[in-house]
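Structure record follows, encoded as structure tokens.
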Amino acid sequence: MSLPVWGIPGHQIGARCKARPSQPNEAWPKPRRSEAATEQRRRWPEMVDQGGGWEHRPAQTGVVRASRIRLWYPAADRGGGTMRIFRFGLLAAVVWAVLAVQGCGGGDGGTDGTGDTGGSTEVTGDVTPGDAAAGDLGGTDEREPPAETVGEDVLPVPESLDYLVITADDLVKTAEGFAELRQALGHTTFVVKVSTLIPPAAMTDAAVVASIKDYVKQLWGKRDKSRPFYLLLVGDANEGKNDPATTIPAGKWQGGWEGCYSDNFYADMDGDHVPDLAVGRIPVRTDKEGLAILKRVEQHETEYEPGPWNHRIHVYAGEGDFGQDIDFFIETIAQKGLESVPYDYDILFAYRNPDSLYYYMPFEEKVFDLVTEGAVMVTYMGHGGGELDVGSLSDVVMQHRFPLHAFFACGTGDYIGQFDSDSEKVLKQAGGPISLLVSQTTTHPYGNALDALELESAVFVDKAPTTGEAIRLMKDRTIHHTDELRETIDAFAVLYMTGDEIEDVPIDHLYSYNLLGDPATRLRLPEGTVTVTAGKATLGGTLEVSGAVDNLQDGTVDVSLVCPRAQFLHPVDPVEDPDAQASWPAVQANWDKVMDKTVATGQATVTAGKFSLELAVPESVPAGPYYLTAYAQDGSLDAVGSLAVKVAKP
Numbered sequence: 006m007s008l009p010v011w012g013i014p015g016h017q018i019g020a021r022c023k024a025r026p027s028q029p030n031e032a033w034p035k036p037r038r039s040e041a042a043t044e045q046r047r048r049w050p051e052m053v054d055q056g057g058g059w060e061h062r063p064a065q066t067g068v069v070r071a072s073r074i075r076l077w078y079p080a081a082d083r084g085g086g087t088m089r090i091f092r093f094g095l096l097a098a099v100v101w102a103v104l105a106v107q108g109c110g111g112g113d114g115g116t117d118g119t120g121d122t123g124g125s126t127e128v129t130g131d132v133t134p135g136d137a138a139a140g141d142l143g144g145t146d147e148r149e150p151p152a153e154t155v156g157e158d159v160l161p162v163p164e165s166l167d168y169l170v171i172t173a174d175d176l177v178k179t180a181e182g183f184a185e186l187r188q189a190l191g192h193t194t195f196v197v198k199v200s201t202l203i204p205p206a207a208m209t210d211a212a213v214v215a216s217i218k219d220y221v222k223q224l225w226g227k228r229d230k231s232r233p234f235y236l237l238l239v240g241d242a243n244e245g246k247n248d249p250a251t252t253i254p255a256g257k258w259q260g261g262w263e264g265c266y267s268d269n270f271y272a273d274m275d276g277d278h279v280p281d282l283a284v285g286r287i288p289v290r291t292d293k294e295g296l297a298i299l300k301r302v303e304q305h306e307t308e309y310e311p312g313p314w315n316h317r318i319h320v321y322a323g324e325g326d327f328g329q330d331i332d333f334f335i336e337t338i339a340q341k342g343l344e345s346v347p348y349d350y351d352i353l354f355a356y357r358n359p360d361s362l363y364y365y366m367p368f369e370e371k372v373f374d375l376v377t378e379g380a381v382m383v384t385y386m387g388h389g390g391g392e393l394d395v396g397s398l399s400d401v402v403m404q405h406r407f408p409l410h411a412f413f414a415c416g417t418g419d420y421i422g423q424f425d426s427d428s429e430k431v432l433k434q435a436g437g438p439i440s441l442l443v444s445q446t447t448t449h450p451y452g453n454a455l456d457a458l459e460l461e462s463a464v465f466v467d468k469a470p471t472t473g474e475a476i477r478l479m480k481d482r483t484i485h486h487t488d489e490l491r492e493t494i495d496a497f498a499v500l501y502m503t504g505d506e507i508e509d510v511p512i513d514h515l516y517s518y519n520l521l522g523d524p525a526t527r528l529r530l531p532e533g534t535v536t537v538t539a540g541k542a543t544l545g546g547t548l549e550v551s552g553a554v555d556n557l558q559d560g561t562v563d564v565s566l567v568c569p570r571a572q573f574l575h576p577v578d579p580v581e582d583p584d585a586q587a588s589w590p591a592v593q594a595n596w597d598k599v600m601d602k603t604v605a606t607g608q609a610t611v612t613a614g615k616f617s618l619e620l621a622v623p624e625s626v627p628a629g630p631y632y633l634t635a636y637a638q639d640g641s642l643d644a645v646g647s648l649a650v651k652v653a654k655p
């Protein structure tokens, strides 16, 4: 079986986009540009290209001129400008090469909405819309204003709405099915057909996008601010050939570095590009396809199997092919990024690089295992292009649970084409994933680095309740979050990117990456917390461990003492030709050694929410920092926890 290399996740390290404003009217911190360019840059979200010039239109109208929103400044100002060069020498070059391997495009807030609020679902059908067009919508000029959207007086919606479904006309059964599922889980839901929002005669792509966004903005403005707001689009997208019976168009982002089509337009409510709500799409053209996906989502939401798959992350990467030294640095820097994931979770990592300790042969078999054996998240990082070799995926059936799949590479989800992308095919395949984060176009290694790092933090640090909220938080963190690691990467980035690229790429990636799936799909991490306490740890001694589980009265708990992820406990054997079939057993044995981080392990009984046990610390390991990890379960519920400990010499 030949399986595609889907890739590695938060294996990419981030950098902060400091030059972008958090609000559209903040000044752009670009002193190297002329004052005129800076003023244009400050106001560009409100500027509309009219062919021969730029017309200012108030941003609060909510009208999105999808294909004409673009970055603009004088050609003379377009260059990289004079920038201070940091003298990091060869090391800087090496680290930038680390970033470059992570993509193929470098060259050229809320609470969980499943509370006690009573759910309600309404479906609107053939409602007569309000006034027709606000201008002539004939022809293909997307710069013209769209038809007036339908107001709430025509489409009354329930109070405290937090789950809105906009559906293509022939996919109402699928839309109703998702709404009913969410209603049962405590959401207040509402379903509306796209033809209700705009007359068919006025349905240019830009007009539909603008009308939908206006309508979403009305409802979002009256939301319950204590809960996340979800928007589900049910229907395929097809560039320039959209049909209200089966499709809902995506907005066109002109881009500063790379343009694309995106559903992010529907989620940005205040014009700063960062999504304010969670949006996802079920890209189908028939109810048969849509209901098949819904069936798997229902299975994920209603069935839960405790086990190690609930605290595992699987990551894998394509070969960078930059040479032994640089590829070694890739692994080193990747480990720093992976340290952002709490030790509550285990990470399995495979890297298609014969010089790497994480290499495995046959690689396709290991990828198959990582994809199917169960994990909270499965991620890929590397070169892309959209070729996922779907024919080889026909045997892939998710075991134990459905993970969130994140593909950080170029063109992994070009969902606006006439034919299904490979990601769409995988989504529609029986037993396949139910949530995919994919790119519609070429992506940049710098942006992929930020996105991958911040998605891990959104899921495992911020503990986003749903896939949609995780991606919304990822995009927000990509623009606004900073820490020492990201500042370091920024310092290296200025050596090889212009100031424009550093500004433009993170914004472009807000639009490049889209969620194929229901944004309200729960991530379903273990709900409970294991609080771990420990006595003094010494080499050759006994470590006394005790703790409490907040959501279990009785059950079992597995406790392990593990070394840091970047540390190796076992020496590996040299392999002269790792690609030779005769060497595969040695390669596999080395991979097993590298992935084994366990120093000691034991199991205890949980009684009245408490447990205690002793672990024997071997003399053979080095003194230093370690972690106690705990996973508790009772057959129905589970909990995770960890504690940093220091193992000292006697």
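Numbering (this note's numbering), first residue to last: 6 to 655.
Think of the CB as a built atom: it goes at the ideal place given N, C-alpha and C, for glycine as much as any other residue.
Since the model is a prediction, treat every value here as computed from it, not as a measurement.
Would DSSP call residue i helix, strand or coil?
{"i": "GLY379", "result": "coil"}
{"i": "PRO630", "result": "strand"}
{"i": "ASN358", "result": "coil"}
{"i": "ARG286", "result": "strand"}
{"i": "TYR266", "result": "strand"}
{"i": "THR194", "result": "strand"}
{"i": "SER588", "result": "helix"}
{"i": "GLN445", "result": "coil"}
{"i": "HIS485", "result": "helix"}
{"i": "MET403", "result": "coil"}
{"i": "ILE253", "result": "coil"}
{"i": "LYS341", "result": "helix"}
{"i": "VAL395", "result": "Unreliable placement is indicated for VAL395, whose pLDDT of 36 sits below 50; the coordinate value is still reported in the next sentence. VAL395: helix per DSSP, three-state reduction."}
{"i": "MET600", "result": "helix"}
Just mark residue i as buried or exposed, buried being the case when its beta carbon has 16 or more other beta carbons within 10 Å.
{"i": "HIS319", "result": "buried"}
{"i": "PHE424", "result": "exposed"}
{"i": "LYS523", "result": "Looking at the sequence itself, residue 523 is Asp, so the reference to Lys does not match. Label assigned to ASP523: buried."}
{"i": "GLU656", "result": "In the structure displayed, the chain extends from 6 to 655; residue 656 sits before or after that span and is not available."}
{"i": "THR471", "result": "buried"}
{"i": "SER231", "result": "exposed"}
{"i": "SER216", "result": "buried"}
{"i": "GLY3", "result": "Past the edges of the chain, shown from 6 to 655, lies residue 3, and the structure says nothing about it."}
{"i": "THR377", "result": "buried"}
{"i": "GLN445", "result": "buried"}
{"i": "VAL652", "result": "buried"}
{"i": "GLU164", "result": "exposed"}
If you drop the 5 nearest sequence neighbours on each side, which residues of the same chain put their C-beta closer than 7 Å to that of residue i?
{"i": "PRO408", "result": "ALA380, VAL381, MET382, VAL383, PRO438"}
{"i": "PRO205", "result": "PRO249"}
{"i": "GLN404", "result": "THR377, GLU378, GLY379"}
{"i": "ALA628", "result": "LEU544, VAL652, ALA653, LYS654"}
{"i": "GLY295", "result": "LEU176, THR179, VAL239, ILE287, VAL289"}
Among the residues of its own chain, which have a CB less than 6 Å from the CB of residue i, if the five just before and after it don't count?
{"i": "ARG187", "result": "TYR168, THR194, ALA525"}
{"i": "ARG317", "result": "ASP351, ALA380"}
Thinking C-beta only, is residue j closer than 9 Å to residue i?
{"i": "VAL401", "j": "PHE373", "result": "yes"}
{"i": "PHE465", "j": "ALA553", "result": "no"}
{"i": "PRO511", "j": "ILE484", "result": "yes"}
{"i": "LEU633", "j": "VAL580", "result": "no"}
{"i": "PRO477", "j": "LEU282", "result": "Contrary to the premise, residue 477 reads as Arg rather than Pro in this sequence. A contact, by the Cβ cut-off of 9 Å."}
{"i": "GLY646", "j": "THR534", "result": "yes"}
{"i": "TYR516", "j": "PHE234", "result": "no"}
{"i": "VAL221", "j": "ILE171", "result": "yes"}
{"i": "VAL599", "j": "LEU375", "result": "no"}
{"i": "LEU432", "j": "ALA475", "result": "no"}
{"i": "LEU557", "j": "LEU618", "result": "no"}
{"i": "LEU458", "j": "ALA411", "result": "no"}
Along the chain, where does the beta strand (DSSP E) that runs through residue i open and close?
{"i": "ARG527", "result": "Premise fails: ARG527 is in no beta strand (DSSP E) and is neither H nor E."}
{"i": "LEU566", "result": "559-567"}
{"i": "SER647", "result": "643-653"}
{"i": "THR538", "result": "533-539"}
{"i": "ILE322", "result": "What sits at residue 322 in the sequence shown is Ala, not Ile. It spans 317-322 - the beta strand (DSSP E) in which ALA322 sits, taken as one unbroken run."}
Taking 8 Å as the limit between beta carbons, can you name the residues of its chain near residue i, skipping five residues before and five after?
{"i": "PRO655", "result": "THR543, LEU544, GLY545, GLY546"}
{"i": "ALA605", "result": "LEU548, SER565, LEU566, LEU620, ALA621, VAL622, PRO623"}
{"i": "THR561", "result": "GLN608, ALA609, THR610, VAL611, ALA637, GLN638, ASP639"}
{"i": "VAL592", "result": "TYR364, TYR365, MET366, VAL580, PRO583"}
What are the boundary residues of the alpha helix (DSSP H) that residue i is part of?
{"i": "GLY504", "result": "504-517"}
{"i": "ARG228", "result": "ARG228 -> no alpha helix (DSSP H), and no H or E assigned at all."}
{"i": "GLN188", "result": "177-189"}
{"i": "ILE298", "result": "292-307"}
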